[in-house]
Structure formats: structure tokens, C-alpha cells
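To keep things clear, I will list the structure first and then write my remarks on it.
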């Protein structure tokens, strides 16, 4: 797919290595199946989202190419003595991305959200709460078991062109930071639609971005 890259993770320790790095249960991936994963730092913030698949010779991680250097350096940092090889690869199949529902993380939005803000915990689509530890797992699990996320991903429509990383504002909000952030831009049926995080408390109130009004499209 355009503007995306694939890394191949192979070697006898590939599965155990990824199981300790990513948010979902890598052992549950069947041959040629796809699984969504968050790659988090120690504070639980998402560095990147990977679509992961596997075949006989290893695992394949597909994600936006703007994150290649950042992701590859971090993965290599944790290889240590494991029998793991990481290299760029190509795939004949594309991940099952639904641009109207799956979130995306680019370099500009990297390390800005915990998985719950991207709805990855719903039905455990991108986070397993029963697998072993991974980077940021304690923070993600604590939020899951002790409270609800104050921000969630929602779909909006806007007549004005917006950019990934633009900030959403809810006038009623008293938050010291933006009420939300644009995650993905989609043109559908001639209309501009956007996946963005938003404070749940104000998701149905007046919301603007760059002085333009946003209308929520309920798809959750």
C-alpha cells in the first residue's frame, strides 16, 4: 500500500521477541492472518500501530513509512542476544484496513495516545489483557481495570480540509490541552471525513478545528 512499509521479523526467537514488545497476543495469529498491535513506550503511549501477519519464514509488520527509522531503531535496541533478524520486506497481501474505523499513528502523532484513546481495547481488537508483559503494559492495564478513558476515537465530517495532528477544541472543555487530535483524513462520497480523538464528555457538543465546525458521524 502507498506510504506504508513492511518489516520482516525472523529467527527462532521472533515470536517470543514480538510477544514481549507488542500489545496483542502474537501467539494467537494464524498463518496468513492479520492482527492489529500497538507498539508502546514505557508510559503506555503508542509509538506506532502495526498490522502483523505471519507465514512459515517469519512475522511481517506493516505500518506508515514515516515511522520506519524510529521503529527500526527501537526494535533493534531490544533484540539484545535474541536470535532475531529485522529487515525491510515486501508483501503480496494488504492488511484489512477500514479507513472509516481503524486508527492510524504517523510520526507527527507518535507517542501522543494510549491505546484506549484509539479504541484498541474495545473487544480487545488491538490489546490483549490476558497476555504477558510488554512495554507500557502496566499503564494500559491500570487504565483498563481502574477507570475509563476520558478520550476516545470518533468519526467526524468537516467542510474544511484538516491535517493529521490538527487540534480539536470543545468550547465547554476546561482541559489544559486540546480536546482532541486528528488521526486520519478520509475522502468519502465527495465529503471530507476525519478520525480523531475527542473528550468523551464533549463528543456530541460543539467541536471546532482551525475555526471550522466538525459534525460527529456516529459509527461506534
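In this note's numbering, the protein residues as written are 51 to 270. C-beta: ideal position from N, C-alpha, C; glycine also.
> CA-CA distance, residue 102 and residue 120?
Replying inline: 18 Å
> For residue 112, which beta-bridge partners are listed by DSSP?
Replying inline: 56, 101
> Under the three-state reduction of DSSP, which class applies to residue 67: helix, strand or coil?
Replying inline: Looking at residue 67 - three-state DSSP - the assignment turns out to be helix.
> Is the stretch 61-79 touching the stretch 137-148 in the sense that three or more CB pairs, one from each, lie closer than 8 Å?
Replying inline: Not touching, per the Cβ criterion.
> Which residue's Cα is closest to the Cα of residue 88: 72, 219, 152, 157?
Replying inline: 72
>> Report the CB separation of residue 214 from residue 233 in whole angstroms; it is logged as a contact under 8 Å.
In response: 7 Å
> Across which residues does DSSP place residue 230 in a beta bridge pair?
Replying inline: 218
> Excluding sequence positions up to five away, which residues of its chain have a Cβ less than 6 Å from the Cβ of residue 163?
Replying inline: 96
>> Going residue by residue through the stretch 121-156, where are the continuous alpha helix (DSSP H) segments of at least 4 residues, counting only ones entirely within it?
In response: none
> For residue 168, is the classification buried or exposed, using 16 other Cβ atoms within 10 angstroms of its Cβ as the cut-off for buried?
Replying inline: That one is buried.
>> Once DSSP output is grouped into helix, strand and coil, what is the label at residue 184?
In response: coil
> What whole-angstrom Cβ distance do residue 74 and residue 86 have, given they're in contact under 8 Å?
Replying inline: Sure, about 7 Å apart at Cβ, within 8 Å.
> For residue 81, which three-state DSSP category applies?
Replying inline: coil
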